[in-house]
Amino acid sequence: MHYSIFSVLSQAWKGQTGWTPMWREPQPKRAYDAIIVGGGGHGLATAYYLAKNHGVTNVAVLEKGWIGGGNVGRNTTIIRSNYREPGNLPFYEKSLQLWEGLEQDINYNAMVSQRGVLNLFHSDAQRDAFAYRGNAMRLHGVDATLLDREAVRAMVPTLDLDNARFPIHGGLLQKRGGTVRHDAVAWGYARAADRLGVDIIQNCEVTGIRIVAGAVTGVETTRGFIGAKKLGLAAAGNSSRVAAMAGLRLPIESHVLQAFVSEGIKPLVDTVVTFGAGHFYVSQSDKGGLVFGGSLDGYNSYAQRGNLPMVEDVLEEAVAIMPSLSRLRMLRSWGGIMDMSMDGSPIIDKTDITGLYLNCGWCYGGFKATPASGFCFAHTIANDAPHDLNAAYRLDRFATGHLINEGGAGAQPNLH
Amino acid sequence: MRIRCPFCGERSHAEFSYLGDAAPTRPNIGTRATVPDTTLFVDYVYMRDNSPGVMREYWQHVGGCRSWLIVERNVTTHAISNVASAREQVLAATEGEHP
Ligand SMILES: Cc1cc2nc3c(=O)[nH]c(=O)nc-3n(C[C@H](O)[C@H](O)[C@H](O)COP(=O)(O)OP(=O)(O)OC[C@H]3O[C@@H](n4cnc5c(N)ncnc54)[C@H](O)[C@@H]3O)c2cc1C
Ligand SMILES: [Zn+2]
């Protein structure tokens with residue numbers, strides 16, 4: 206069913222009884238041309254672009270739980286392309302451009318909202334670093350505006366610019382950044398892929414990878430063996446576990462990141478603000494709740510829940526930049542398992558095993574990458590060679606020294 | 119999460135700082151005449167087992183006695199089964215290597 210103003214109106218007359226399921230619930234076939242492991246944003250987008258851009262439609266996405274139950278439905282929904290490193294900037298900008306046309310492309314309302322992303326700076330040195338990043342962005346044709354104190358004050362009046370410890374000196378604004386309704390991205394890509402013939406198979410955990418003479422032949426699952434000539438792994442926080450089924454060890458650690466939502470209030474912040482003297486960011490959802498996030502809990506974790514010291518830390522940072530939040534009540538918090546790569550940048554590559562492809566290392570920033578990741582991973586799988594945009598995201602860069610160390614934290618995932 | 123430091127007793131994990139997996143051991147650098155095998159170093163610096171279940175990891179009690187500890191912790195349940203001083207274990211493992 207095509208969604209449009211006409212379908213909405215006609216359903217209103219029919220008492221909303223004519224809507225059809227957004228995707229089928231097929232039984233797994235015996236074999237597929239390509240299988241994607243992981244029904245998160247990246248796996249679903251990959252399946253969609255495989256079908257749409259490369260005509261590979263005999264594809265299954267295998268998801269151990271339900272689609273959208275992983276990080277794609279747990280993140281704080283921020284999209285942006287304000288990166289600095291050559292390998293990253295063109296990739297994330299491509300992603301932002303795909304977000305800009307996504308809803309028309311997949312015929313689904315993902316609530317893409319380009320409300321801007323404002324990174325605050327609190328010292329002269331930080332201003333220089335942000336000016337440098339803004340200039341790098343502009344050289345790549347990406348929008349960036351350096352705001353002074355007064356411009357920041359005008360844009361976000363609730364900020365405390367004169368905090369004694371971390372006074373706000375200004376900010377780097379990317380106007381085209383913003384937020385997207387995260388689970389709608391999973392549902393929208395799933396529906397669009399399904400319409401092109403992709404089988405989305407939920408409650409199907411991959412438990413083994415079958416390799417014969419150095420080539421993938423299929424996967425063992427909780428629903429039996431399923432054959433495939435090509436296998437793409439997009440399991441985010443579980444990447445190391447899935448890759449281990451093919452005997453691979455990855456430059457990845459799994460860590461937990463928490464998110465928080467407050468009670469709903471009247472409009473307070475109409476953009477995304479990040480605190481530059483710590484690790485904190487805030488935006489307001491369309492339901493009125495403030496959505497907060499901070500940094501990793503700081504130790505390896507496979508538990509999709511976080512610890513209390515980080516809750517305290519995040520809320521302290523919130524009150525440091527917006528003192529008016531101090532009496533706001535928190536509604537809920539949760540955690541997701543991040544695939545933290547050793548340089549903080551992702552991996553989209555083929556492996557030494559014929560037909561096995563890898564998509565991982567998204568750290569806590571992979572939501573914004575969803576469209577470009579799917580686009581590039583589909584290209585890599587279909588052509589057995591990377592696209593220019595993911596050429597730098599090689600698995601062997603840790604051995605060759607071509608790291609993309611955007612955060613400058615080295616091989617210390619807990620510090621990224 | 120609470121960690122029982124063998125020297126200070128049970129404390130919030132916020133008093134400790136984290137280094138990570140204690141499994142990788144620094145490969146032998148070799149002698150001047152031999153070129154060390156760099157793949158071993160790539161493995162040591164970047165590659166991790168990263169499996170769920172019990173992991174041995176380095177924590178430092180920075181907000182207390184500043185000792186380095188080896189904590190055995192289940193990374194899925196956060197249950198801690200053992201905490202020991204790292205010093206003896208590391209010295210025993212690297213005996214004779216660093217004169
Ligand atoms: C709290 C939080 C805040 C975040 N905020 C942002 C943000 O603001 N902006 C941003 O860009 N990014 C953000 N991120 C990061 C982003 O959410 C992730 O990088 C991204 O969603 C990961 O890709 P994915 O959607 O494919 O992952 P997932 O949705 O986790 O998909 C992986 C899927 O693989 C499945 N799977 C695993 N093992 C198997 C198996 N053996 N068999 C079958 N299926 C399997 C899982 O069940 C899961 O559904 C945040 C993450 C968290 C947790
Ligand atoms: Zn101690």
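As you go down the protein sequences, you meet chains A and B in turn.
So in the numbering used here, the last spot in the first sequence is 621, and the numbers never skip.
So in the numbering used here, the last spot in the second sequence is 217, and the numbers never skip.
Ideal placement from N, C-alpha and C gives every residue a C-beta, glycine not left out.
Please read all numbers here as calculations on a predicted model, not as lab measurements.
Checklist entry - Assuming A:Ile-311 contacts A:Ala-451 under a Cβ cut-off of 8 Å, what Cβ separation, rounded to an integer in Å, is found between them? => result Rounded, the Cβ-Cβ distance is 31 Å, inconsistent with contact.
Checklist entry - Where does A:Asp-392 fall in DSSP's three states? => result Per the sequence shown, the amino acid found at residue 392 of chain A is Trp instead of Asp. A:Trp-392: helix per DSSP, three-state reduction.
Next on the checklist: Run the Cβ filter for me: residues under 7 Å from any heavy atom of ligand 2, listed in the order they occur in the chain.
Outcome noted: B:Cys-123, B:Phe-125, B:Cys-126, B:His-179, B:Gly-182, B:Cys-183, B:Ser-185
Next on the checklist: Buried or exposed for A:His-607, going by 16 or more other Cβ atoms inside 10 Å?
Outcome noted: exposed
Checklist entry - CB of A:Met-547 to nearest heavy atom of ligand 4: below 7 Å? => result Because ligand 4 does not appear in the structure shown, any question about it cannot be addressed here, the ligands present being ligand 1 and ligand 2.
Item to check | Cβ-based neighbour list, B:Asn-200, same chain, cut-off 6 Å, excluding 5 preceding and 5 following | outcome: Glu-190
Checklist entry - Within the present structure, is the beta-carbon of A:Glu-305 separated from the nearest heavy atom of ligand 1 by less than 7 Å? => result no
Checklist entry - Tell me which same chain residues have a C-beta within less than 8 Å of the C-beta of A:Asp-399, skipping the five on either side of it? => result Met-227, Trp-228, Arg-229, Ile-405
Checklist entry - A:Ala-418 to A:Val-403, Cα distance in whole Å? => result 28 Å
Checklist entry - Counting contacts by CB-CB distance shorter than 8 Å, is B:Leu-168 in contact with chain A? => result Leu is not the amino acid found at residue 168 of chain B; the sequence shown has Asn there. Yes, B:Asn-168 lies at the interface with chain A (some Cβ there is under 8 Å from its Cβ).
Checklist entry - Got a sec: is the Cβ-Cβ distance from B:Glu-190 to anything in chain A below 8 Å? => result no
Item to check | In DSSP terms, what B:Ser-130 is bridged to | outcome: B:Arg-120
Item to check | Extent of the continuous beta strand (DSSP E) run through A:Thr-426 | outcome: 420–426
Checklist entry - So A:Thr-605 packs on A:Asn-595, CB below 8 Å; how close in whole Å? => result About 16 Å; that fails the 8 Å criterion.
Checklist entry - Between B:Ala-211 and B:Leu-187, what straight-line distance do the alpha-carbon atoms span, to the nearest angstrom? => result 15 Å
Item to check | Nearest-angstrom Cβ-Cβ length linking A:Arg-454 and B:Asp-167, presumed shorter than 8 Å | outcome: 7 Å
Checklist entry - So which residues of chain B does A:Glu-410 contact, with C-beta pairs closer than 8 Å? => result Under the 8 Å cutoff, chain B gives no residues; its nearest Cβ is about 14 Å from A:Glu-410.
Item to check | Beta-carbon proximity list for A:Gly-375, same chain, < 7 Å, skipping 5 on both sides | outcome: Phe-326, Arg-332, Leu-351, Leu-352, Asp-353, Arg-354, Val-357
Checklist entry - Just to confirm, are A:Met-342 and A:Asn-293 a CB contact at a threshold of 8 Å? => result no
Checklist entry - So, helix, strand or coil for A:Gly-483, using DSSP? => result coil
Checklist entry - Does at least one heavy atom of ligand 1 sit under 7 Å from the Cβ of A:Val-411? => result yes
Next on the checklist: I'd like to know if B:Leu-211 contacts chain A, where contact means its C-beta is closer than 8 Å to some C-beta of that chain.
Outcome noted: For clarity, residue 211 of chain B is Ala in the given sequence; the question names Leu instead. Not closer than 8 Å to any Cβ of chain A, the Cβ of B:Ala-211 fails to qualify, so no.
Next on the checklist: Does the contact criterion of 3 or more C-beta pairs under 8 Å hold for the region 457–469 of chain A versus the region 297–317 of chain A?
Outcome noted: no
Item to check | chain B contacts made by the region 489–520 of chain A, where a contact means CB separation under 7 Å | outcome: Gly-503, Tyr-504, Asn-505, Ser-506, Tyr-507, Ala-508, Asn-512, Pro-514
Next on the checklist: Assuming A:Gln-331 is part of the alpha helix (DSSP H), what are its boundary residues?
Outcome noted: 329–344
Checklist entry - Which whole-angstrom value describes the C-beta separation of A:Leu-323 and A:Val-361, a residue pair presumed to lie in contact below a C-beta threshold of 8 Å? => result 7 Å
Next on the checklist: Judging by CA-CA distance, which residue of A:Thr-282, A:Val-474, A:Val-519 is the nearest neighbour of A:Ala-482?
Outcome noted: A:Val-519
Next on the checklist: Considering only their Cβ atoms, is the gap separating A:Gln-509 from A:Ile-542 smaller than 8 Å?
Outcome noted: yes
Item to check | Interface partners of B:Ser-130 on chain A, CB under 8 Å | outcome: Pro-514
Checklist entry - Going along the chain, which residues of its own chain have a beta-carbon closer than 7 Å to the beta-carbon of A:His-484, five neighbours each way excluded? => result Gly-499, Ser-500
Next on the checklist: Given a cut-off of 8 Å on the beta-carbon distance, is the pair A:Gly-245 and A:Asn-276 in contact?
Outcome noted: yes
Checklist entry - What are the residues that DSSP puts in a beta bridge with B:Asn-200? => result B:Glu-190
Next on the checklist: Is A:Gly-393 close to ligand 1? I mean its beta-carbon at under 7 Å from any heavy atom of the ligand.
Outcome noted: no
Next on the checklist: For chain A, check one thing: does any of its Cβ atoms lie closer than 8 Å to the Cβ of B:Thr-195?
Outcome noted: yes
Next on the checklist: So, at 7 Å on beta carbons, what are the nonlocal neighbours of B:Pro-217 in its own chain, with the 5 sequence-adjacent residues on each side left out?
Outcome noted: Legend: pLDDT at B:Pro-217 = 44, less than 50; position of this residue unreliable, no value from coordinates given.
Checklist entry - Can you find a C-beta in chain A that's less than 8 Å from the C-beta of B:Tyr-136? => result yes
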